[in-house]
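Trainee:
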Amino acid sequence: MGRWIWINRRYLWTAAVIFAVGMATGYLASDSLRQVLMSQLTQIRDLAVQVRAVNNPAYTVMVIFLNNAKVAIFFLLTGIVAGIPAIVGVFGNGALIGFVLAMLHHQGVPVGSVLLYGILPHGIFEIPAFLIAAAFGLKLGWGWWRPTNGYTRREAFFQGWRDAFRAAGVAVAMLAVAAVVEGTVTPYLLSRYVLQG
18 MGRWIWINRR YLWTAAVIFA VGMATGYLAS DSLRQVLMSQ LTQIRDLAVQ
68 VRAVNNPAYT VMVIFLNNAK VAIFFLLTGI VAGIPAIVGV FGNGALIGFV
118 LAMLHHQGVP VGSVLLYGIL PHGIFEIPAF LIAAAFGLKL GWGWWRPTNG
168 YTRREAFFQG WRDAFRAAGV AVAMLAVAAV VEGTVTPYLL SRYVLQG
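Following the working numbering, the numbering of the sequence shown begins with 18 at its first residue and continues without gaps.
1) Quick check on residue 47: does DSSP put it in helix, strand or coil?
2) Under DSSP, the alpha helix (DSSP H) around residue 179 begins and ends at which residues?
3) Let's test the definition: count the other Cβ atoms within 10 Å of the Cβ of residue 142 and tell me whether it reaches 16, buried, or not, exposed.
4) Are the segment 62 to 74 and the segment 182 to 196 touching, with three or more C-beta to C-beta distances below 8 Å?
5) My assumption, with CB atoms under 8 Å, is that residue 28 sits in contact with residue 153. Please give the rounded CB distance.
6) Rounded to a whole number of angstroms, what is the C-alpha to C-alpha distance between residue 134 and residue 115?
7) Determine the direct distance from the alpha carbon of residue 125 to that of residue 146, and round the result to whole angstroms.
8) For residue 55, which of 38, 104, 120 and 93 has the nearest alpha-carbon?
9) Does residue 164 come out as helix, strand or coil in the three-state DSSP assignment?
10) Span of the alpha helix (DSSP H) holding residue 20?
11) Buried or exposed, going by whether 16 or more other CB atoms sit within 10 Å of the CB of residue 167?
And the structure:
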C-alpha cells in the first residue's frame with residue numbers, strides 16, 4: 018500500500034493542493050461565490066434535517082456513507098474526462114469547508130474547536146478518501162493522455178483503470194469508517210465541547 022501511494026504521489030499532492038486552495042477560496046469567498054456555496058450548504062442542511070427526524074444512528078451512518086461513497090466513485094469514474102470533474106469536486110468540497118469555517122468565525126463560534134471536535138474525528142478518514150478518489154480520477158484522465166514510465170497510451174489507460182478500482186476499494190473502506198464516526202462520535206463531541214462551550 019505504501020509503495021502504491023508513493024508511486025502515485027504526484028496525483029495525491031495535486032488533489033491535496035486543489036483541496037487546500039478550495040478551502041482558502043471558500044474562507045475568503047466573494048459575494049457571488051457565497052451564493053453558490055450557501056445553496057450547496059442549504060441542500061446539506063435539508064438532508065441533515067431529514068436524517069435527524071428519523072432519529073436512528075444506523076440510518077444516519079448509512080445515509081452519510083452512501084452519499085460520500087457516491088461522490089468518491091463519481092470523482093474516480095469521471096476522471097476519464099481529463100480529470101475535470103475530480104478537480105472541480107475536490108475544489109468545491111474544500112471551498113464548502115472553508116466557507117462554513119468563515120461563517121462560524123463571524124458568528125463567534127471557536128473555529129479551532131469546530132475543527133478539533135467537528136471535523137477532525139471523521140475528517141482524518143473522509144478527507145483522505147476523497148483525495149485518493151480524486152487523485153486516481155486525475156490519473157485516469159491524465160495517464161493515457163501523457164503516459165509515463167514507458168507505457169503506451171493503451172497500457173496507461175488500462176493501468177489507470179486497475180489503479181482506479183483499487184483506489185475505489187480503499188476510499189470506500191475509509192468512508193465506511195468515517196461514516197460511523199461522523200454519525201456517532203462527532204455529534205457527541207460537538208454537543209459536549211462546542212455547542213455547550
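The beta carbon of each residue, even a glycine, is placed where N, CA and C say it ideally should be.
In this text, all values refer to a predicted model and were calculated from it rather than measured experimentally.
Mentor: Let's see:
1) coil
2) From DSSP, the alpha helix (DSSP H) with residue 179 extends over 170 to 197.
3) Classified as buried, residue 142 has 16 or more neighbouring CB atoms from the shown chains inside 10 Å of its CB.
4) With the cut-off at 8 Å, the segment 62 to 74 and the segment 182 to 196 do not touch.
5) Contact holds; Cβ gap of about 7 Å.
6) Straight-line Cα distance between these residues: approximately 16 Å.
7) 31 Å
8) Looking from the CA of residue 55, the closest CA among 38, 104, 120 and 93 belongs to 120.
9) coil
10) DSSP places residue 20 inside the alpha helix (DSSP H), whose first and last residues are 19 to 24.
11) Exposed, since its Cβ has fewer than 16 Cβ neighbours within 10 Å.
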